[in-house]
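Visitor:
Chains as they are written, first to last, in the working numbering: chain A, 24 to 159; chain B, 24 to 427.
Now the structure itself:
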């Protein structure tokens, strides 16, 4: 199978590889997929609690080249977006940007799920934090 | 050293130039039909066919009359299974095979099942070998054929064919073996190994594609098969169709070369394979060889690099041609059924790479491949959330994954 140049570029030079402190209240972590399915993505965002803007995003992915590229691209797009803007990212945007073939669409779906999971995790933490403050 | 490096010799092998030279005259100069009995054009073609038959027979301990030419192992497998099922229909309707067989066997069995044949698919042990006790128990008075491959195309594991043959023979059951990967690589002898029918392919032993043979035993017992292709009654009525002389000459020459060079060549293959394995294991943790090393083709290494997905690894070693059991590299999006049959777990199937070393690989190439694979695996593990979790001491089998 031939890969698009953009997939190859992300595979060869993945952006924002790494991990953020998952215990940090401003960090949201999303982990989607399963090893037996052949792909697992971990995507993390660090949000400025004052502005709601994503200031850092990191990923690690076990999966094929298209899965790696999809998650790498996702972290790139997350930088500077508010959490609500981030939720607008659609898997089809990733498919178009990376020119993914039909058999690789599930990689983009996984990336969208990872973004949603990370932001949900952040929001859950923010609520718990507010509740903790309120109960004091 | 020239890139890319071809190390996928279980898929196919490059032609040996000596084989090509032997074939050359049979395209233009000697073009006759081997079935033409009344002129020299036919006689010359027939002579070439008989020479090839003898070369093949010599390599496997058979006689010339027991060799039926086909288009390759897929056809040989189809002819053996369907031909026996039809010929021995009155005797019984049960065939025994194994879960790790090639699709040319499994899908033929599926087809036969639609026509009233009962098929037992024996599971294999974690080392890839068939359990002989299970085989014994599976044989019934309706069993007409046991078909177990000689050596596996993915993991290179060599089945105990001689013992399988002994068990089957004791119960009067015929034995077929798909020896596509074995013939020419390791000693195969149809007498010692108690084989009644055997599939052979030219392009797995440095011969041309589109050429193969089926060995059909003539004595004790005399095996009969029903032809699956109707026509001029060639090949003693078992396989009609004008013989494809160049391919047949190529198969014969490939066998003759293997017979002479096998002792040396298999030693060299094992040396290179073992060197590759040792280098990978020295530099990388958590690598797992799939299938037993004890009973294995000398040129095969099938190995899983835990926490790294196979297709992404292939992408990183794009100047090396190997294959993976990963779902992402298959048309069906399912990981290798052979590795699944070993019970290795789908995750390790996704992480597997098959190296198939061949006659034309050099030690320099093996060194290059080892270094490159090590480099890319390390890089991908840096990228792998699973490797990170494992290093943190998390038991991945206990994690609740959001399967999709």
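Every residue, glycine too, gets a C-beta built ideally from N, C-alpha and C.
In chain order, what are the residue ranges of uninterrupted beta strand (DSSP E) at least 3 long that sit wholly in the segment 151-228 of chain B?
Guide: 166-170, 197-201, 220-224
Visitor: Under the DSSP definition of a beta bridge, which residues are partnered with residue 65 of chain A?
Guide: A:54, A:83
Visitor: Any contact of the segment 95-105 of chain A with the segment 41-48 of chain B, i.e. 3+ C-beta pairs under 8 Å?
Guide: As far as the Cβ criterion goes, the segment 95-105 of chain A does not touch the segment 41-48 of chain B, which means the pair count is below three.
Visitor: Under 8 Å, do residue 433 of chain B and residue 375 of chain B count as touching if we go by C-beta distance?
Guide: The structure shown does not extend to residue 433 of chain B, since chain B spans only 24 to 427, so no value can be given for it.
Visitor: Under DSSP, the beta strand (DSSP E) around residue 376 of chain B begins and ends at which residues?
Guide: 375-379
Visitor: Should residue 200 of chain B be labelled buried (16 or more other beta-carbon atoms within 10 Å of its own) or exposed?
Guide: buried
Visitor: Select from the segment 411-426 of chain B all residues with a C-beta closer than 7 Å to any C-beta belonging to chain A, and list them in chain order.
Guide: 411, 419, 424, 425, 426
Visitor: List the residues of chain A whose Cβ lies closer than 7 Å to the Cβ of residue 373 of chain B, in chain order.
Guide: 61
Visitor: Considering just the uninterrupted stretch of the beta strand (DSSP E) at residue 245 of chain B, what are its terminal residues?
Guide: Residue 245 of chain B -> no beta strand (DSSP E), and no H or E assigned at all.
Visitor: In its own chain, which residues sit with a C-beta less than 7 Å from the C-beta of residue 202 of chain B, not counting the 5 before and 5 after it?
Guide: 173, 211, 221, 222, 223
Visitor: Do you know offhand how far residue 237 of chain B's Cα is from residue 37 of chain A's?
Guide: 51 Å
Visitor: Could one say the Cβ of residue 390 of chain B lies closer than 8 Å to chain A's Cβ atoms, at least one of them?
Guide: no
Visitor: If you draw a straight line from the C-alpha of residue 265 of chain B to the C-alpha of residue 116 of chain B, how long is it?
Guide: 32 Å
Visitor: Closest to residue 12 of chain B by C-alpha separation, out of B:26, B:88, B:74, B:47, would be which residue?
Guide: Only positions 24 to 427 of chain B appear in this structure, which leaves residue 12 of chain B out of reach.
Visitor: For residue 124 of chain A and chain B, any beta-carbon pair shorter than 8 Å?
Guide: no
Visitor: Establish whether the CB of residue 368 of chain B and some CB of chain A are separated by less than 8 Å.
Guide: Output row for residue 368 of chain B: interface = yes.
Visitor: From what residue to what residue does the alpha helix (DSSP H) around residue 141 of chain B run?
Guide: Boundaries for residue 141 of chain B: no alpha helix (DSSP H) harbours it, while the beta strand (DSSP E) harbouring it runs 141-145, taken from the DSSP string.
Visitor: How should residue 118 of chain A be labelled, buried or exposed, when 16 other C-beta atoms within 10 angstroms of its C-beta is the threshold for buried?
Guide: buried
Visitor: Bridge partners for residue 319 of chain B per DSSP, in chain order?
Guide: B:180
Visitor: Based on DSSP bridge pairs, tell me the residues matched to residue 117 of chain B.
Guide: B:141, B:166
Visitor: For residue 63 of chain A, collect the residues of the same chain with a Cβ closer than 8 Å to its Cβ; drop the 5 residues on either side in sequence, then sort them by chain order.
Guide: Here the set comprises 54, 55, 56, 57, 84, 85, 86.
Visitor: Going by the CB atoms, is the gap between residue 93 of chain B and residue 170 of chain B shorter than 8 Å?
Guide: Contact: no.
Visitor: Quick check: the Cα distance between residue 155 of chain A and residue 148 of chain A, rounded to an integer number of angstroms?
Guide: 10 Å
Visitor: Using the rule of at least 16 other Cβ atoms within 10 Å of the residue's Cβ for burial, across every protein chain shown, is residue 347 of chain B buried or exposed?
Guide: So residue 347 of chain B counts as buried.
Visitor: Quick one: Cα of residue 143 of chain A to Cα of residue 306 of chain B, how far?
Guide: 40 Å
Visitor: Three Cβ pairs or more, each shorter than 8 Å: is that satisfied between the segment 283-290 of chain B and the segment 137-153 of chain B?
Guide: No: the two stretches stay apart, fewer than three of their Cβ pairs being nearer than 8 Å.
Visitor: Could you run through the segment 74-97 of chain A and flag, in chain order, every residue whose CB is less than 7 Å away from some CB of chain B?
Guide: 83, 84, 85, 86, 87, 88, 91
Visitor: Tell me the rounded alpha-carbon separation between residue 244 of chain B and residue 332 of chain B.
Guide: 49 Å
Visitor: Return the residues of the segment 303-319 of chain B that lie within a Cβ-Cβ distance of less than 8 Å from chain A, sorted by chain order.
Guide: From the segment 303-319 of chain B, no residue has a Cβ closer than 8 Å to chain A.
Visitor: If I'm right that residue 343 of chain B touches residue 28 of chain B with Cβ under 8 Å, what's the distance once you round it to whole angstroms?
Guide: 5 Å
Visitor: Show which residues of chain A have a CB atom less than 7 Å away from the CB atom of residue 334 of chain B.
Guide: Contacts between residue 334 of chain B and chain A, judged by CB atoms closer than 7 Å, involve 87, 88 in chain order.
Visitor: If you count every other CB in all the chains shown that lies within 10 Å of the CB of residue 219 of chain B, and 16 or more means buried, which is it?
Guide: buried
Visitor: With 8 Å set as the bound, which would you pick, yes or no: does the beta-carbon of residue 8 of chain B sit closer than that to a beta-carbon of chain A?
Guide: Outside the displayed range of chain B (24 to 427) lies residue 8 of chain B, so it cannot be described from this structure.
Visitor: Quick one: which unbroken alpha helix (DSSP H) runs of 4-plus residues sit fully inside the segment 103-155 of chain A? Chain order, please.
Guide: 106-109, 114-121
Visitor: In chain order, which alpha helix (DSSP H) runs of at least 4 residues are fully inside the segment 54-122 of chain B?
Guide: You should have 63-83, 96-110.
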